[in-house]
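In our numbering, the protein residues as written are 15 to 341.
Just so you know, even glycine gets a beta-carbon here, dropped at the ideal spot from N, CA and C.
Printed below as a string of structure tokens:
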């Protein structure tokens, strides 16, 4: 038996006595993930995973224990998305322990709360125009590009001059700006893509990039004494985006002046997709343009298609004798 342990063909049953927090420490040190992912995962583990599981023996955790933990998080009012992230982390920890510490993972056939799918938040043309009008000059170009390309904020802030093909009116999404610096690859394999530019957007962009060197970032800080630095997402929102949102107003169909919705910068991406779908661009083309990994993500805009309910309405209209209510 000792020979089999040495060869790795058998698991030492005493290994399962290891405390969860001990195995977690080993698992954490061995991970290979992006820094921003580590920050989010560390918060989830600190708040939801370790407080419950830290002192448990690894072998003692059962599927029902995991299900009871999930129920406890629900009763505490933890959101469905936060619960899913915490569960996925626990599942990864347990899956990594299989064979070395435990025989099977207890994270299987566990019911999770449903995550409510919110419709995308997007601006109308008038709302978007009022936002652009409230922005200082350099950020007007950046947001115009956001509305017409659907790039994520990191893609806009990580765009380099040589990624713009002026002759073909295209730009290439390659680098992204993150909290840890410029990355030379986007969020996923589909995110690395070519995006067409409308002529009027290219005109504005050409004027903006004219004085820039080939390898320069297209959008950088403009604050006196710190001009030309890489943008920070939090600072940009606080100093540029939210003040413009607060000051922007539009007129509704009745001529009443209203404030624009208090949506974050990512809504420029939703706005781009929404406008295209309303103009009849297929969901598959929108998926490719935005670099969505899953078609399900793009389907959130399906209800905006001009003929989304055409077949249903046509069926009702074709009834021989429709239901009526007497006057």
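Name the one or two DSSP bridge partners that residue i has.
i	result
residue 297	In DSSP, residue 297 forms no bridge with anything.
residue 192	195
residue 274	DSSP lists no partner for residue 274.
residue 174	231
residue 71	33
residue 179	184
residue 335	Beta-bridge pairing links residue 335 to no other residue.
residue 112	116
Am I right that residue i and residue j are in contact with their C-beta atoms under 8 Å? What's the rounded C-beta distance?
i	j	result
residue 80	residue 104	7 Å
residue 164	residue 286	4 Å
residue 174	residue 198	Going by Cβ atoms, the distance from residue 174 to residue 198 rounds to 10 Å, so no, they are not a contact pair.
residue 37	residue 115	6 Å
residue 108	residue 233	At roughly 43 Å, the Cβ-Cβ gap does not stay under 8 Å, so residue 108 and residue 233 are not in contact.
residue 211	residue 185	6 Å
residue 235	residue 243	4 Å
residue 32	residue 72	5 Å
Spatial neighbours of residue i within its chain, please: C-beta separation below 8 Å, excluding the five flanking residues on both sides.
i	result
residue 112	118 and 119
residue 128	94
residue 322	316
residue 314	131, 133 and 134
residue 283	160, 164, 165, 166 and 304
What first and last residue would you give for the beta strand (DSSP E) that runs through residue i?
i	result
residue 264	263–265
residue 60	Run containing residue 60: none; DSSP gives neither H nor E here.
residue 324	Counting along the chain, residue 324 falls outside any beta strand (DSSP E), though it belongs to the alpha helix (DSSP H) covering 324–331.
residue 11	Since the first and last residues shown for the chain are 15 and 341, residue 11 lies out of range.
residue 187	184–187
If I measure Cβ to Cβ from residue i and keep anything under 7 Å in the same chain, skipping five residues before and after, which residues do I get?
i	result
residue 55	103
residue 16	Note that residue 16 scores a pLDDT of 48, beneath 50, so its modelled location is shaky; the value from the coordinates is reported in the next line. Cβ neighbours of residue 16 beyond the five flanking positions: none.
residue 319	291
residue 20	At residue 20, the pLDDT of 43 sits below 50, so the modelled position is not reliable; the number obtained from the coordinates is stated separately. Closer than 7 Å at the Cβ level, and outside the excluded window around residue 20, lies no residue.
residue 223	175, 178 and 232
Looking at the unbroken alpha helix (DSSP H) that takes in residue i, where does it start and where does it end?
i	result
residue 87	77–89
residue 314	Note, residue 314: premise wrong, no alpha helix (DSSP H); not H, not E.
residue 155	151–163
residue 123	Counting along the chain, residue 123 falls outside any alpha helix (DSSP H), and DSSP gives it neither H nor E.
residue 214	213–223
residue 141	139–148
residue 7	Any answer about residue 7 is impossible in this case: the structure gives the chain only from 15 up to 341.
So, for residue i: in the same chain, excluding its five sequence neighbours on each side, which residues have a beta-carbon less than 6 Å away from its beta-carbon?
i	result
residue 330	none
residue 217	none
residue 23	Unreliable positioning characterises residue 23 in this predicted model, as indicated by a pLDDT of 44, which lies under 50. The coordinate reading is nonetheless provided below. Result list for residue 23: empty, nothing under 6 Å.
Is there contact here, the stretch 298–313 with the stretch 193–213, by at least three beta-carbon pairs under 8 Å? yes
Decide if the stretch 142–155 is in contact with the stretch 256–274; the criterion is three or more beta carbon pairs, one per stretch, under 8 Å apart. yes
Stretch-stretch touch, CB-based, cutoff 8 Å, three pairs: the stretch 88–99 with the stretch 266–278: no
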